[in-house]
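Chemist: These protein sequence lines are chains Z and C, in that order. Read in order, the letters of the first sequence correspond to residues 1 to 150 in this note's numbering. Read in order, the letters of the second sequence correspond to residues 1 to 137 in this note's numbering.
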Amino acid sequence: MVLFDHDPFQIFQRALRHDAPGSANARHGRALTRRSTEAPAAGAVNVSSGDEGTELTMLVPGFGPAHIDVSVERAALRIRGERDGRRFERSFRLPHAVHMEDAKAQVEHGVLTLTLPRSDAERRQQVPVLGGAAALDGPAEIGEDPGSTA
Amino acid sequence: MNQPDHHQETPTMTGNTSRQEAPTTQAQAPRARRTPRWAARPSDDGLALTFDLPGASRGELELAIEEGELHLLARTTLAGPAQAASARLEFEPFDFEGRWALPEDVDADAAEARLEDGQLTVTIPRRGPQRRAIEVR
């Protein structure tokens, strides 16, 4: 059934034709629609990792909180989405294990943001070094204290 | 119009760590403008256009039909990576802009638009039959 005299995809071709120099669009003097400047596809990510953990931003237009599933198993991250037959799945290997209690996932206006803190077990932590006097005053917590028999 | 748009390829690493709170208009360098991914679907009622606009909210979206062209401009909340060491960088911060010439037999005055989860649907009904019978008394 033909509903339109114009093939819908001619819309884009017409738009492209307007990009020619001297065209109506060019006379308006504004940025023009061009194929080379097309936005990245849904599912595109930015991932950055550092000492604190990993931040991930994914473009998920059309998907809300109810349509997205995020799971982490050790350092394996999996993001899945499904809505009205549209679905996507991407997996990532993180450079660290995740402290799940502080992990956050938020989706707003079709952008998914993940905050995945590095697990404490992998985080470098300082051990305070005590002087001799403090070591004598404080109770020994590791092993047996042979001098404690009064 | 052979003005190079090399600025669109310039990474805008703002070093802004408060990603959530960064206002969209704050960027010093001009943000890249990208044409949204789109699809057209004719229906019984008219034409349904779907545009992927991740990061765009209703208040930051300008939409108009002018001289048979659909104009779209949407500022987004997309920001640069929060940390300098990027493991994977598949896009830079950008806004959306595009214009599309519409078929002539659609009724722009009756167009409706809906933005949900970063996806815009524009519905434009087909204009009724141009031929109208005139009653003769």
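Note that the Cβ used here is the ideal one computed from N, Cα and C, for glycine as well. Owing to the predicted nature of the structure, the values given are computational and were not obtained by experimental measurement.
For A111 (chain C) and chain Z, any beta-carbon pair shorter than 9 Å?
Modeler: no
Chemist: Taking its Cβ as the centre, do 16 or more other Cβ atoms sit within 10 Å of S43 (chain C), making it buried, or is it exposed?
Modeler: exposed
Chemist: How should R137 (chain C) be labelled, buried or exposed, when 16 other C-beta atoms within 10 angstroms of its C-beta is the threshold for buried?
Modeler: exposed
Chemist: Which residues of chain C have a Cβ atom closer than 7 Å to the Cβ of F63 (chain Z), listed in chain order?
Modeler: What F63 (chain Z) touches in chain C: D117.
Chemist: Kindly indicate which three-state DSSP category H67 (chain Z) falls into: helix, strand or coil?
Modeler: helix
Chemist: Does any C-beta atom of chain C lie closer than 9 Å to the C-beta of S49 (chain Z)?
Modeler: Yes, contact with chain C.
Chemist: Assuming V60 (chain Z) and G81 (chain Z) form a contact by the criterion Cβ under 8 Å, report the distance between their Cβ atoms to the nearest whole angstrom.
Modeler: 6 Å
Chemist: Give me the chain Z residues within the contact set of P81 (chain C), using Cβ-Cβ distance strictly less than 9 Å, ordered along the chain.
Modeler: N46, V47, S48, E55 and T57
Chemist: Please report the distance separating the alpha-carbon of W100 (chain C) from that of F88 (chain Z).
Modeler: 28 Å
Chemist: Please go through the same chain and pick out, in chain order, the residues whose beta-carbon is closer than 6 Å to the beta-carbon of S48 (chain Z), but skip the five residues on each side of it.
Modeler: E55
Chemist: What residues in its chain sit with their C-beta under 7 Å from that of E69 (chain C), if we drop five residues either side in the sequence?
Modeler: R99, W100, A101 and L102
Chemist: Can you find a CB in chain C that lies within less than 9 Å of the CB of F88 (chain Z)?
Modeler: no
Chemist: Note down, in chain order, each residue of its chain lying with its Cβ closer than 6 Å to the Cβ of K104 (chain Z), except the 5 sequence neighbours on either side.
Modeler: T115
Chemist: State the Cα-Cα distance for the pair D105 (chain C) and P54 (chain C), rounded to the nearest angstrom.
Modeler: Looking at the two C-alpha atoms, the distance is approximately 30 Å.
Chemist: My output table needs one value for E101 (chain Z): the three-state DSSP class, helix, strand or coil.
Modeler: In this structure, E101 (chain Z) counts as helix in the three-state DSSP scheme.
Chemist: May I ask you to report which of helix, strand or coil DSSP gives G132 (chain Z)?
Modeler: helix
Chemist: Grab the span of the beta strand (DSSP E) containing A112 (chain C) for me, first residue to last.
Modeler: The identity of residue 112 (chain C) in the sequence shown is Glu, whereas the question assumes Ala. E112 to E116 is the extent of the beta strand (DSSP E) around E112 (chain C).
Chemist: Quick one: which chain Z residues come within Cβ less than 7 Å of R31 (chain C)?
Modeler: Those within 7 Å of R31 (chain C) in chain Z number zero; the least Cβ separation is about 12 Å.
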